[in-house]
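In terms of the UniProt record's numbering, the sequence shown opens at residue 1 and continues consecutively. Idealized CB from N, CA, C, for every residue including glycine. Since we're looking at a predicted model, the values are computed, not measured.
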Amino acid sequence: MASIQLDAVKAVLAWQHNGTPRYLAEPDPKSSSIRFTLHLNTTSALFEIQIPISYKQHTKTSAICIHVNPRSIISLTPSVEQDVPDPVKPVLGSTICLNFELNDAITILIPSFISEPVTAARLRSGVILDSLYELVETTSLRVYIPDDALSQDQLESLSSATIQQLNPFSGPDYDISRWFSGRGAKVMTLRDRSGLSRAGTLTDLARKRSQDSTGKRSREVVPNNATIWNKLLELEAVVHNRTRPNTPEDQSRHVQELQADVAKLQTQLIQCEKTALDRETEITKLQTQLTQCEKKVVDGEAEVVKLQTQLTQCEKKVVDLDTELAGLRYTQDNADNEASVIISEIEDTLREHEEKIDFVTRGKDDDEFVDILKEEILSELITRISRG
1 MASIQLDAVK
11 AVLAWQHNGT
21 PRYLAEPDPK
31 SSSIRFTLHL
41 NTTSALFEIQ
51 IPISYKQHTK
61 TSAICIHVNP
71 RSIISLTPSV
81 EQDVPDPVKP
91 VLGSTICLNF
101 ELNDAITILI
111 PSFISEPVTA
121 ARLRSGVILD
131 SLYELVETTS
141 LRVYIPDDAL
151 SQDQLESLSS
161 ATIQQLNPFS
171 GPDYDISRWF
181 SGRGAKVMTL
191 RDRSGLSRAG
201 TLTDLARKRS
211 QDSTGKRSRE
221 VVPNNATIWN
231 KLLELEAVVH
241 NRTRPNTPED
251 QSRHVQELQA
261 DVAKLQTQLI
271 QCEKTALDRE
281 TEITKLQTQL
291 TQCEKKVVDG
301 EAEVVKLQTQ
311 LTQCEKKVVD
321 LDTELAGLRY
331 TQDNADNEAS
341 VIISEIEDTL
351 REHEEKIDFV
361 TRGKDDDEFV
371 DILKEEILSE
381 LITRISRG
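Right under this line is the structure:
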């Protein structure tokens with residue numbers, strides 16, 4: 001069996017709830033993506049889905065993780081689908097669909113610092129939380145991933161593998177206590193959204209209360225619908241400080257007013273929901289712009305560091321050039337001094353030669369000079385003879 005190491009590819013989830021197809025394609029924020037991770041070898045398997053979500057308790061965007069225990073997988077059937085369902089198309093084109101048949105519920109993990117019950121910060125996150133209630137009850141889960149995420153050999157390995165005999169991966173890389181920046185993860189407890197246990201419904205509870213109170217009220221006269229309606233009108237008039245309508249025309253007009261009020265409130269509710277969605281979209285847009293600005297700031301800081309490094313290098317080169325120039329100036333000054341000394345010596349030599357030439361030139365025609373020269377030669381000879 002070929003090993004598979006598929007990390008954090010885009011994904012869309014699909015399941016059935018009360019016979020209706022359901023899809024989860026958009027995380028919160030919408031600029032992020034639902035991610036699917038699949039690790040598989042001959043002994044172990046990991047199936048993990050990460051859904052970005054915004055917790056009310058935690059202002060920064062975090063995530064919910066879904067784990068599918070390999071021992072709960074009855075079958076796993078991969079297939080390449082060119083014609084994908086409409087909810088999948090905005091995220092993925094042609095896809096690989098991994099069809100899981102399960103005999104046990106999936107495991108939902110949240111950051112350990114999030115208190116339960118979990119509260120969503122935005123409407124989109126609330127939709128995601130509602131989807132989790134359905135996902136934990138499903139036994140058939142489909143995961144759509146890009147069609148190039150797995151090779152043909154890997155698809156064949158998935159088709160032929162007996163997933164249920166594999167164990168979950170273990171080790172530091174799979175330790176949930178290290179998740180979420182080292183703060184750890186915990187299993188999320190999902191309670192019934194209605195606030196009731198799965199064994200009871202509102203009808204059952206109403207029937208039970210009615211049976212419990214039958215003995216106490218068996219002798220009481222049960223009011224008819226008209227009496228109840230009149231009591232309600234009186235109560236409504238007291239609350240709103242209005243005169244109770246007595247005639248059928250007044251009652252009909254009053255009903256119409258109430259219906260108009262209800263319609264008006266419904267319109268206001270729709271407008272509020274639309275405004276909330278617009279605000280959510282605007283917040284997402286601002287978050288995207290903020291992310292882009294932060295990236296630009298980081299890029300700018302990197303450019304500044306690069307320029308500072310170049311400036312430091314240039315300053316060092318300038319210092320080196322100044323040092324070299326000072327050395328050249330010193331060498332030039334020494335050379336100039338030596339040249340001056342040499343020139344001075346040459347000038348002295350020239351003067352001596354000029355004097356000698358002048359002396360010789362004048363001596364040819366000067367008798368006194370000849371006599372002096374003879375005396376000097378004679379004196380020199382006497383001195384040498386006396387020295388032996």
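query, result
"Which residues bound the beta strand (DSSP E) around Arg35?", "Arg35 to Leu40"
"Is Asn18 helix, strand or coil when you go by DSSP?", "coil"
"Could you tell me which residues DSSP puts in a beta bridge with Phe100?", "Leu76 and Leu141"
"Nearest by alpha-carbon distance to Phe180: which of Glu301, Ser62 and Leu307 is it?", "Ser62"
"Within this structure, are the beta carbons of Ser177 and Gly184 separated by less than 8 Å?", "yes"
"According to DSSP, simplified to helix, strand and coil, what is Val187?", "strand"
"Quick one: Cα of Asn99 to Cα of Val143, how far?", "7 Å"
"Would Glu101 and His17 be called neighbours here (beta carbons separated by less than 8 Å)?", "no"
"Could you tell me if Val9 is buried or exposed, where buried requires 16 or more neighbouring beta carbons within 10 angstroms of its beta carbon?", "buried"
"Mind listing, in chain order, the continuous beta strand (DSSP E) runs of no fewer than 3 residues lying wholly within the region 104-162?", "107-111 and 140-146"
"Is the distance from the Cβ of Leu40 to the Cβ of Ser131 below 8 Å?", "no"
"Just to confirm my understanding: we take Ser79, look at its own chain, exclude 5 residues before and 5 after, and list those with CB closer than 6 Å. What are they?", "Cys97"
"Could you tell me which of Asp86, Arg35 and Pro85 sits nearest to His67, measuring between CA atoms?", "Arg35"
"By a C-beta neighbour count over all protein chains shown, 10 Å radius and 16 as the cutoff for buried, is Ser54 buried or exposed?", "buried"
"Locate the beta strand (DSSP E) running through Lys10, then write down its first and last residues.", "Ile4 to Lys10"
"Tell me which residue opens and which closes the alpha helix (DSSP H) that Ser379 is part of.", "Asp367 to Ser386"
"Determine the direct distance from the alpha carbon of Ala263 to that of Ser94, and round the result to whole angstroms.", "44 Å"
"Are the CB atoms of Ile74 and Gln5 nearer to each other than 8 Å?", "no"
"Which residues mark the beginning and the end of the alpha helix (DSSP H) in which Ser181 is found?", "Trp179 to Gly182"
"Using beta-carbon positions only, say whether Ile141 and Trp15 come within less than 8 Å of one another.", "Looking at the sequence itself, residue 141 is Leu, so the reference to Ile does not match. Taking 8 Å as the Cβ cut-off, Leu141 and Trp15 qualify as a contacting pair."
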